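In terms of the working numbering, the sequence shown opens at residue 691 and continues consecutively.
Each remark here refers to the structure printed beneath this line.
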Amino acid sequence: MNKYLVILFILPIFIRSFAQSRPEPTRELSVSGDIQTPDTFKLQDFKQLPSHELGDVVITNHAGEVRSTARQLKGILLRDLLERTAIRSMAPKDLSAVLFKCVASDGYVVVFSWNEIFNTATGDHIAIVLEKDGKSFDQMEESILLISPTDRRTGRRYVKGLQSVEVIRLP
Numbered sequence: 691m692n693k694y695l696v697i698l699f700i701l702p703i704f705i706r707s708f709a710q711s712r713p714e715p716t717r718e719l720s721v722s723g724d725i726q727t728p729d730t731f732k733l734q735d736f737k738q739l740p741s742h743e744l745g746d747v748v749i750t751n752h753a754g755e756v757r758s759t760a761r762q763l764k765g766i767l768l769r770d771l772l773e774r775t776a777i778r779s780m781a782p783k784d785l786s787a788v789l790f791k792c793v794a795s796d797g798y799v800v801v802f803s804w805n806e807i808f809n810t811a812t813g814d815h816i817a818i819v820l821e822k823d824g825k826s827f828d829q830m831e832e833s834i835l836l837i838s839p840t841d842r843r844t845g846r847r848y849v850k851g852l853q854s855v856e857v858i859r860l861p
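Here is the structure:
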């Protein structure tokens, strides 16, 4: 009998230890790396950028299986935010070696290339979500979100609790 009580007590703790951690809520976004001046953006800074209606986005996992639907999304384009930062001077051809490492508060990382954001139609859709289901990001469970809604597997680059963007120039 005591064995079963111990198992019932320990099992939930064991299962939780393998569960994916939930990102800490974020209220600001830092941009750093190979730029002239690192910066931190808050809600009032986001509101100065053009807002876009993103509609509903089906979130799929790496296998393309539907996991959820993010509804009534509104946000700003990542490109518009990055245009406010100045990459350290380089020749235009060197921009092809620039990456943007987007990091969540739980350590989850996704990467975009300069060309992907500034030189393809995908960049017209990669967004920092500031409103979901009629709630602003300070009321959303996931806080600041990043999404690339035109990806085939949307969940791979669905970043909850976006905390920072690091600009990296490859050698």
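Note that CB positions come from ideal geometry on N, CA and C, so glycine has one too.
Given the structure is predicted, the values throughout are model-derived calculations rather than measurements.
{"Query": "Limits of the unbroken beta strand (DSSP E) element including I837", "Result": "835-837"}
{"Query": "First through last residue of the alpha helix (DSSP H) which encompasses Q738", "Result": "Segment: none, Q738 is in no alpha helix (DSSP H) and carries neither H nor E."}
{"Query": "Touching by the beta-carbon criterion (3+ pairs, under 8 Å), the region 736-750 and the region 784-802", "Result": "no"}
{"Query": "When G754, S854, V756 are compared against L771, the one with the closest alpha-carbon", "Result": "S854"}
{"Query": "Among L763, E832, F790, the one whose alpha carbon lies nearest that of G824", "Result": "L763"}
{"Query": "Helix, strand or coil at I825 [DSSP, three-state]", "Result": "In the sequence under discussion, the amino acid at residue 825 is Lys, which differs from the Ile named in the question. Strand, per DSSP."}
{"Query": "Check whether I777 and V849 have beta carbons under 8 Å apart", "Result": "no"}
{"Query": "Three-state secondary structure (DSSP) of A776", "Result": "coil"}
{"Query": "Local Cβ density within 10 Å of P839, reported as buried at 16 or more and exposed below that", "Result": "buried"}
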